[in-house]
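Here the numbering used here is used: the first residue of the sequence shown is 83, the next is one more, and so on.
Backbone N, C-alpha and C define an ideal beta-carbon position, used for all residues, glycine too.
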Amino acid sequence: MLKTSIRGGISLRRWACAVLFWSVANPVWALDAVVLQLKWEHSYQFAGYYMAQALGYYRDEGLAVELREGGPGVDYVAEVVGNRAHYATGTPSLLIDRQQGKPVVLLSVIFQHAPDILAVAKSAGIMSPQQLVGKKIMVKQNNQTPAVLAMLLNETGSLAHFDFLDQTNDLDGLMVGKFAAIAVYSTEQPYYFQQRGFPITELKPINYGIDFYGDNLFTSEQEIATHPERAQAFLRASLKGWAYAMAHPDETIAVIKNVGSKHSGGHLYFEYQAMQDLLLPTLVPLGHSNAGRWRNIADTYVRLGLLKPDYALSGFVYDPNPTVEISRFYRYLYVAAALAGVLAFFIFALLAFNYHLQREIRRRKQMEARLQLNEEKLSTLFQFSPTGMAYTDFTSRQFIDVNPALQDMTGYTRDELLTMNYLDITAQEYRPDNIAQVEVMAQTGRFGPFEKEYVRKDGGRVSVLVNGFILHDHTGRKVSWTLVEDITASKKAQQELLLAKEAAEFASRAKSEFLTNISHELRTPLHTIIGFSQLLAMGELAAAEEQKMAVGHIMTSGKQLLGLINEILDLSRIESDQFELRLETFTLSPLLDETVALMSPTAAERGLTLSQGCYSDIAVRADFSRLRQVLLNLLSNAIKYNRDGGTVNLFCVIDGDVVRISVVDSGLGIAAADQSALFQPFQRLGAEKKGIEGTGIGLVVCKRLIEAMQGSIHFNSTIGVGSHFWVDLPIAVGEKVAESLPVVQISAFSPSCPEKISGRVIYIDDCVINTNVMRHVFRRLPDVELLIREDAESGLAQICQYRPDLILMDINLPGMSGLEALHLLKANPATAAIPVIAVSAAAMPNVIKEGLQAGFLAYLTKPFDVAELIALVSKTLAKHRV
83 MLKTSIRGGI
93 SLRRWACAVL
103 FWSVANPVWA
113 LDAVVLQLKW
123 EHSYQFAGYY
133 MAQALGYYRD
143 EGLAVELREG
153 GPGVDYVAEV
163 VGNRAHYATG
173 TPSLLIDRQQ
183 GKPVVLLSVI
193 FQHAPDILAV
203 AKSAGIMSPQ
213 QLVGKKIMVK
223 QNNQTPAVLA
233 MLLNETGSLA
243 HFDFLDQTND
253 LDGLMVGKFA
263 AIAVYSTEQP
273 YYFQQRGFPI
283 TELKPINYGI
293 DFYGDNLFTS
303 EQEIATHPER
313 AQAFLRASLK
323 GWAYAMAHPD
333 ETIAVIKNVG
343 SKHSGGHLYF
353 EYQAMQDLLL
363 PTLVPLGHSN
373 AGRWRNIADT
383 YVRLGLLKPD
393 YALSGFVYDP
403 NPTVEISRFY
413 RYLYVAAALA
423 GVLAFFIFAL
433 LAFNYHLQRE
443 IRRRKQMEAR
453 LQLNEEKLST
463 LFQFSPTGMA
473 YTDFTSRQFI
483 DVNPALQDMT
493 GYTRDELLTM
503 NYLDITAQEY
513 RPDNIAQVEV
523 MAQTGRFGPF
533 EKEYVRKDGG
543 RVSVLVNGFI
553 LHDHTGRKVS
563 WTLVEDITAS
573 KKAQQELLLA
583 KEAAEFASRA
593 KSEFLTNISH
603 ELRTPLHTII
613 GFSQLLAMGE
623 LAAAEEQKMA
633 VGHIMTSGKQ
643 LLGLINEILD
653 LSRIESDQFE
663 LRLETFTLSP
673 LLDETVALMS
683 PTAAERGLTL
693 SQGCYSDIAV
703 RADFSRLRQV
713 LLNLLSNAIK
723 YNRDGGTVNL
733 FCVIDGDVVR
743 ISVVDSGLGI
753 AAADQSALFQ
763 PFQRLGAEKK
773 GIEGTGIGLV
783 VCKRLIEAMQ
793 GSIHFNSTIG
803 VGSHFWVDLP
813 IAVGEKVAES
823 LPVVQISAFS
833 PSCPEKISGR
843 VIYIDDCVIN
853 TNVMRHVFRR
863 LPDVELLIRE
873 DAESGLAQIC
883 QYRPDLILMD
893 INLPGMSGLE
903 ALHLLKANPA
913 TAAIPVIAVS
923 AAAMPNVIKE
933 GLQAGFLAYL
943 TKPFDVAELI
953 ALVSKTLAKH
963 RV
């Protein structure tokens with residue numbers, strides 16, 4: 083307070099005129115300059131202060147306010163305590179700062195609820211903190227996110243259940259699954275996820291009994307002591323600005339953009355909408371603060387170990403009407419004491435009379451306060467509970483009141499529901515059970531839990547779990563409280579789990595059936611191979627014709643086994659997406675001619691007529707070898723499942739923008755009940771009982787191959803009439819037709835000796851049986867010297883010593899592998915030119931490709947064709963002999 087001393091002949095009137103003249107002539111100096119430190123960057127989070135400044139509310143209170151932007155590294159508490167700012171925006175952690183000896187004073191609460199939440203990916207299906215146990219959570223483990231930590235502690239009993247990560251602004255980490263949850267502001271980061279189309283689930287502490295205040299306004303004890311009027315003026319103007327900001331979002335957003343906010347208009351409006359639920363401007367007076375709630379917050383800090391149990395709240399909350407110092411009135415106290423002595427007798431009598439009355443008044447006020455507090459708690463729970471709540475008349479079943487959660491659940495507004503009863507929204511089939519539950523409640527006073535479905539306003543249905551109990555209102559009317567939990571998601575999850583279980587059981591049965599089938603298919607040719615081998619070993623087949631017949635059966639069974647293995651490997655590669663297609667444009671006619679020529683001998687054995695028809699200029703874009711594989715499989719099935727003397731037709735036509743290749747047979751047909759399972763793995767549809775070879779894999783492979791070539795495969799079939807399978811592939815129009823395509827040469831192996839050839843060959847293989855087979859093969863090349871080594875190391879030494887004309891080498895060798903040996907040969911100038919052919923049982927396409935790229939001249943897979951091996955060796959020696 084200014085104290086004026088009139089001295090030196092200056093009159094009071096002259097002094098007042100001088101001050102008035104100075105104020106008018108210098109309006110800026112007439113305003114009291116103060117600094118407000120914001121705790122973060124410009125956003126709607128501080129909208130009230132911007133509007134108080136923009137609309138002149140601070141100026142009207144005689145204040146010139148500087149708004150300082152916060153950000154990373156700005157300690158807003160230190161700014162106030164260090165007298166670099168007069169006021170600042172803060173959080174409930176001011177309680178901790180005050181206990182640490184920092185003289186901070188809370189002026190006002192702005193956010194009635196804290197914006198701190200945990201964000202989790204909606205796709206993760208996490209709906210509660212308990213589901214985060216054992217998972218990674220990004221959160222500040224200090225006084226910056228206490229509400230989130232308190233929620234986790236309350237729900238699980240210990241923070242040790244979680245794997246905490248230090249807080250960063252790594253929002254993308256949640257989107258890519260680096261961690262399960264991240265602590266964010268409900269007014270800020272959810273907008274980031276929304277803009278990127280990444281749905282999240284918000285775990286809010288308030289839903290789990292943790293209700294902290296949010297942003298507040300605070301100052302220092304020094305500011306309150308030296309400038310109490312200025313503190314009140316600043317608070318009045320700020321709250322007035324907040325009232326205007328929450329009522330005029332569009333105007334406020336324009337002001338915030340003008341002060342330099344980095345956020346877009348859409349982002350700022352998102353903040354405004356989110357802050358409606360935090361400030362509750364239409365329900366709670368701006369700046370309202372409750373001492374009991376502050377004690378709850380302090381107790382929570384104590385449980386988290388952030389505050390000592392002996393904390394004190396005195397002096398923490400600003401009191402606009404402090405006790406007035408009375409030291410200057412001491413002289414009047416003497417007079418008052420004298421009067422008090424005179425009146426003491428009368429006062430004593432009055433006090434005695436009123437003692438009991440005052441005690442009764444205090445008791446009643448305490449009861450009213452407790453009742454009011456309980457009513458406020460119940461009202462808050464009713465309004466903000468995520469569980470639906472309904473207050474209904476027990477007799478009429480009419481809704482008396484419903485909370486927002488139940489309104490959201492049913493799609494009806496509160497006014498609409500208050501004209502209805504609970505049976506009106508209950509699905510028809512659940513009403514009898516609902517009435518039965520009410521009868522139970524009439525006898526026991528409670529009902530549930532039981533499940534039923536509500537019919538929403540839009541006609542949709544929502545599954546709910548309902549509990550309730552009876553009580554009486556103040557008029558004695560019987561009413562019921564009902565708690566309604568939306569279990570639609572959990573019911574859906576249960577159904578999906580059941581379907582997944584059924585699918586797993588089906589897959590297990592199919593796998594078992596496949597193993598049974600594959601065992602049979604493996605054992606049948608193995609029986610032939612082992613049986614005839616034993617007969618040959620025992621000398622039971624002495625005649626040359628008998629021996630030739632036995633060898634033929636052994637070779638046929640061996641090829642059958644090889645085909646089965648290749649078919650299983652094909653399916654495995656397709657299922658794991660590890661196969662490659664070589665797409666090219668070619669005419670179909672030559673391919674159809676080739677497949678018919680390949681299958682004609684098999685058809686002739688059963689007396690079937692095999693024909694084909696296709697225009698010579700019809701072309702498609704596909705993988706030639708894979709399409710040949712599909713057609714051979716379809717033709718093979720048409721022959722196997724045909725009747726003796728029947729027909730098989732292969733033809734192609736143009737149907738719109740696709741080429742349709744058809745295989746039509748006059749065979750057994752497929753029953754309608756079995757047709758849906760035709761393209762499922764391991765399904766033979768009873769053919770195994772008829773002695774027809776197969777594994778149920780071929781058609782699955784065909785379907786996947788055709789679909790990979792952007793085509794489709796279909797069929798129709800009639801029992802006793804036959805089947806029609808067709809493949810649709812995109813027609814190739816205006817594309818260059820491939821000049822050369824892989825064609826299968828149909829030729830027979832001649833046992834006669836090849837053209838005389840000579841040279842030296844080194845064969846490296848650690849399997850004695852394989853080397854014995856190779857020795858017998860090279861008997862057909864008498865002028866070729868064959869040297870054999872069991873490992874790559876000794877083989878390399880022999881190569882350097884004898885300089886062979888050709889090297890045959892296995893890939894999987896003990897010690898150094900065949901590929902490693904090849905690299906050494908190619909790196910040595912003395913051996914780099916020697917041709918090397920791989921002879922290996924490693925038959926996967928990627929292994930073959932890697933070997934050819936490494937420098938193998940050719941790659942033969944075991945079991946190899948003897949004629950093919952002899953031809954390749956002869957051709958190589960004739961061309962590369964050194």
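Specify the secondary structure class of residue i as computed by DSSP and reduced to three states.
i      : result
Cys835 : Annotation note: pLDDT 46 at Cys835 (below 50); position unreliable, coordinate value reported separately. The answer is coil: DSSP assigns Cys835 none of H, G, I, E or B.
Cys849 : coil
Trp122 : coil
Ser175 : coil
Gln694 : strand
Arg278 : coil
Phe946 : coil
Met233 : helix
Ala263 : strand
Ser590 : helix
Met637 : helix
Leu455 : helix
Ser346 : coil
Asp252 : coil
His243 : helix
Gln194 : coil
Thr570 : helix
Met257 : helix
Ala480 : Here residue 480 is Gln; the residue named in the question, Ala, does not match the sequence. Gln480: strand per DSSP, three-state reduction.
Lys222 : coil
Gly423 : helix
Which residues mark the beginning and the end of the beta strand (DSSP E) in which residue i is found?
i      : result
Val746 : Val740 to Asp747
Val337 : Taken as a continuous stretch (DSSP letters only), Val337 belongs to no beta strand (DSSP E), being part of the alpha helix (DSSP H) at Pro331 to Asn340.
Ile517 : No beta strand (DSSP E) holds Ile517; the alpha helix (DSSP H) holding it covers Arg513 to Thr526.
Asn298 : Asn298 to Ser302
Glu867 : Val866 to Arg871
Val929 : Unbroken run through Val929 is the alpha helix (DSSP H), Pro927 to Ala936; no beta strand (DSSP E).
Gly207 : First-last for Gly207: undefined, no H or E at that position.
Tell me whether the beta-carbon of residue i lies closer than 8 Å to the beta-carbon of residue j.
i      : j      : result
Leu317 : Ser190 : yes
Val366 : Gln194 : yes
Thr474 : Thr557 : no
Ala262 : Leu231 : no
Phe128 : Leu137 : no
Tyr140 : Leu350 : no
Leu499 : Gly470 : no
Met220 : Ala265 : yes
Thr943 : Ala960 : no
Leu939 : Ile919 : yes
Go to residue i, then tell me how far its alpha helix (DSSP H) extends in each direction, as first and last residue.
i      : result
Asp756 : Asp756 -> no alpha helix (DSSP H), and no H or E assigned at all.
Asp892 : Element bounds for Asp892: n/a, residue is neither H nor E.
Val783 : Gly780 to Ala790
Pro486 : Pro486 to Thr492
Between residue i and residue j, which are expected to be in contact by the criterion C-beta below 8 Å, what is the C-beta distance as a whole number of angstroms?
i      : j      : result
Leu811 : Gly793 : 4 Å
Pro945 : Leu644 : 6 Å
Gly153 : Leu113 : About 27 Å; that fails the 8 Å criterion.
Val117 : Glu148 : 5 Å
Leu321 : Ile199 : Going by Cβ atoms, the distance from Leu321 to Ile199 rounds to 26 Å, so no, they are not a contact pair.
Ile178 : Leu395 : That belief does not hold up - the Cβ atoms of Ile178 and Leu395 are roughly 13 Å apart, past 8 Å.
Nearer than 7 Å: is that true of the beta carbon of residue i relative to any heavy atom of the ligand HEM?
i      : result
Leu350 : Of ligands this structure carries none, so the ligand HEM is not represented either.
Nearest chain D C-beta to residue i closer than 8 Å, yes or no?
i      : result
Met791 : Of the protein chains in the structure, only one exists, and it is not chain D.
Exercise for the section: Please list the segments of the beta strand (DSSP E) lying wholly inside the segment 893-919, counting only runs of 3 or more residues, in order along the chain. Expected result: Those beta strand (DSSP E) runs which fall completely within the segment 893-919 and span 3+ residues do not exist here.
Practice task
Write down every uninterrupted run of the beta strand (DSSP E) in the segment 663-724 whose length is 3 residues or greater and which is fully enclosed by it, in chain order.
Solution key: Counting only unbroken stretches of 3 or more residues, the beta strand (DSSP E) elements lying wholly within the segment 663-724 are 665-669, 691-695 and 701-705, in sequence order.
Practice task
Entirely within the segment 119-167 and at least 3 residues each: give me those beta strand (DSSP E) ranges in chain order.
Solution key: 145-150
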